[in-house]
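Notes follow once the structure below has been shown.
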Amino acid sequence: MVNTIGLSLRQVRQTLNWGWMTRSCTLLGVSAVLAVAVGCDDAEQARTPPANQPAVVAPPTTLPSPELASAKVSAMPVSSYLWLREVSDPRKSQAEVEAAATDADPNGVAVQFPRARLRLSGKGEDRMVAMLYSDDPKEAINKGWQGDRYYFRMPLRVGDVQQLDDAPYRMAVPFEGQDETSNGVFRMGDRYHMEPIDLMVRFEPEGGQVKIFLGGLFKQYDTSDVSAEPKWFHVQGIIQAVVE
């Protein structure tokens, strides 16, 4: 990533949300974080699969709720959750995959994150960009922070928030190689980057809020050990956020 405002990578990620709103495009200032850059759009086009290509992991319709049963249904969650399930390397043969299968839980493990935020920009002319990210604490800017977070920048072909339910986001990249994207799930600070390989996200507006249904195949890299083999995960979530 090119940094033109003299900030560290971790500081750039703090721009909007104590803001670690990262971008894979050049940053020209705080306002550029919200801009729809041409370079990003070109890269996104390359990640868009054919319309008839099914998702590897479909967004869930329901998931077990890790929230307290006494929590008010109308209240905004103070946390958000993604369900992570480690799976076999999809590049292996079917026999190898079946031999390596050990986790029969269809949902995996619920991992807690800060509450979700959903920021929309670029309204009009079917060029809206949705940015879904965790509301990270102030200390996330510190080098030794070991928390978990996520960030997804999703160009959508809609011009208004009311059209979100007609605009699922879809992306896919080859299993081989590394996409070098700033999208994904980050665990233990910056150590583990879970990069989306095949992702589908759909939206359901509910008044001033949006319910987000996310499902995807992710490849996890250990940034502290570049020689380590990546791990693969199915990631699912049903996230509620206020539109900003």
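Note that UniProt numbering has the sequence shown beginning at 1, numbered continuously upward. We put the CB at the ideal spot given by N, CA and C, even for glycine.
Going by C-alpha distance, which of the options is nearest residue i?
i: Val-78; options: Arg-115, Gln-240 and Val-111; result: Arg-115
i: Arg-202; options: Glu-139, Leu-164 and Asp-222; result: Leu-164
i: Phe-218; options: Thr-62, Asp-136, Met-200 and Gln-146; result: Met-200
i: Ile-239; options: Tyr-150, Val-56 and Ala-228; result: Tyr-150
i: Ala-130; options: Leu-82, Val-87 and Lys-211; result: Lys-211
i: Val-87; options: Gln-220, Pro-59, Gln-146 and Phe-152; result: Gln-220
i: Pro-60; options: Val-242, Asp-179, Leu-82 and Leu-118; result: Leu-82
i: Gly-108; options: Val-185, Asp-89, Arg-85 and Arg-47; result: Arg-85
i: Ser-65; options: Val-111, Gly-207 and Pro-90; result: Val-111
i: Val-243; options: Gly-207, Val-158 and Ala-228; result: Gly-207
i: Ala-172; options: Val-158, Asp-198 and Gln-162; result: Asp-198
i: Arg-170; options: Gly-177, Asp-105, Leu-156 and Asp-190; result: Leu-156
i: Asp-160; options: Arg-119, Pro-49 and Asp-136; result: Arg-119
i: Ser-237; options: Gly-144, Gly-122, Thr-62 and Asp-225; result: Before going further, note that residue 237 is Gly rather than Ser in the sequence given. Here the closest residue by C-alpha is Thr-62.
i: Thr-223; options: Glu-180, Ala-241, Pro-205 and Pro-137; result: Glu-180
Is residue i helix, strand or coil by DSSP?
i: Leu-164; result: helix
i: Glu-139; result: helix
i: Ser-65; result: coil
i: Trp-145; result: coil
i: Gln-220; result: strand
i: Val-226; result: coil
i: Val-38; result: The predicted position of Val-38 is uncertain, since its pLDDT is 46 and thus under 50; a value taken from the coordinates is nonetheless stated next. Here Val-38 sits in helix by DSSP.
Residue range of the beta strand (DSSP E) that residue i falls in?
i: Trp-83; result: 79-87
i: Pro-59; result: Taken as a continuous stretch (DSSP letters only), Pro-59 belongs to no beta strand (DSSP E), as it is neither H nor E.
i: Arg-187; result: 184-187
i: residue 257; result: The first residue shown for the chain is 1 and the last is 244, placing residue 257 beyond what the model contains.
With DSSP as the reference, please indicate the residues paired to residue i in a beta bridge.
i: Phe-203; result: Ile-212
i: Gln-53; result: Beta-bridge pairing links Gln-53 to no other residue.
i: Phe-113; result: Ser-80
i: Ser-121; result: Val-129
i: Ala-172; result: Asp-198
i: Pro-155; result: Val-129
i: Gln-236; result: Trp-83 and Gly-215
Cβ pair count under 8 Å reaching 3, the region 223-238 against the region 187-196 | yes
Within the chosen definition, does the region 83-94 reach the region 122-141 through at least 3 CB pairs nearer than 8 Å?
-> no
Quick check: the region 209-225 against the region 45-65, are there 3 or more CB pairs under 8 Å?
-> yes
Stretch-stretch touch, CB-based, cutoff 8 Å, three pairs: the region 141-158 with the region 170-189 | yes
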